[in-house]
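Each residue of the sequence shown is one higher than the one before, starting from 968 at the first, in my numbering. Using N, Cα and C, we set each Cβ at its ideal position, and we do this for glycine too. Small disclaimer: the values here were computed from a predicted structure and weren't measured.
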Amino acid sequence: MKHRQGFVSNSSSEAFILRTNKSTEQVKEELQGLIAWYQIASGDLDMSYEEVFQDPRLATLGDLNYLEENWDYKPYATDKNEWLMKIILYSAGDNSIPWGMIGLVEDAYNADRIHLG
């Protein structure tokens, strides 16, 4: 459960640190393909990229501080050094990534997943 600014929520969102040498553009293109495959496999044809993921980008110190300060995630110092300038991928919103896709993203990009609550 999330505890944010005085209220409790049962929703959850995710961030992934992708361990890949691919560009953010390549990652987005592959994720769009993953969503298209998932739509066929699940029968959920109304799902769009924008409803599932934010655009991937390079992680900044601000991103890592955000994870640490706002979501009670305390990465080890080695994580911060390793994650800086890796591709970070956020969910588009609470519960926006179907459960079946989470493992696919982790496996495809050897990703670290940070559950944001």
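- In the structure shown, the three-state DSSP call for S1009 is helix.
- Here DSSP, grouped into helix, strand and coil, assigns A982 to strand.
- Using a C-beta cut-off of 8 angstroms, the stretch 1049-1056 makes contact with the stretch 1025-1032, since at least three inter-stretch Cβ pairs fall below that distance.
- Between the alpha carbons of N1062 and S979 lies a gap of roughly 5 angstroms.
- Assignment of D1030 by DSSP, reduced to helix, strand and coil, places it in the helix class.
- Setting aside the 5 residues that flank it on each side, G1010 has no residue in the same chain whose C-beta is closer than 7 angstroms to its C-beta.
- For the pair E1035 and A1078, the Cα-to-Cα distance works out to about 18 angstroms.
- DSSP, reduced to helix, strand and coil, places D1074 within a helical segment of the structure shown.
- Each of N1048, D1022, F1020, A1003 was checked against the Cα of N1032, and the nearest Cα belongs to N1048.
- K989 and P1065 have their C-alpha atoms spaced approximately 23 angstroms apart.
- In summary, S1015 is exposed, with fewer than 16 beta-carbon neighbours lying within 10 Å of its beta-carbon over all protein chains present.
- Remark: C-beta atoms of L985 and Y1076 approach each other more closely than 7 angstroms.
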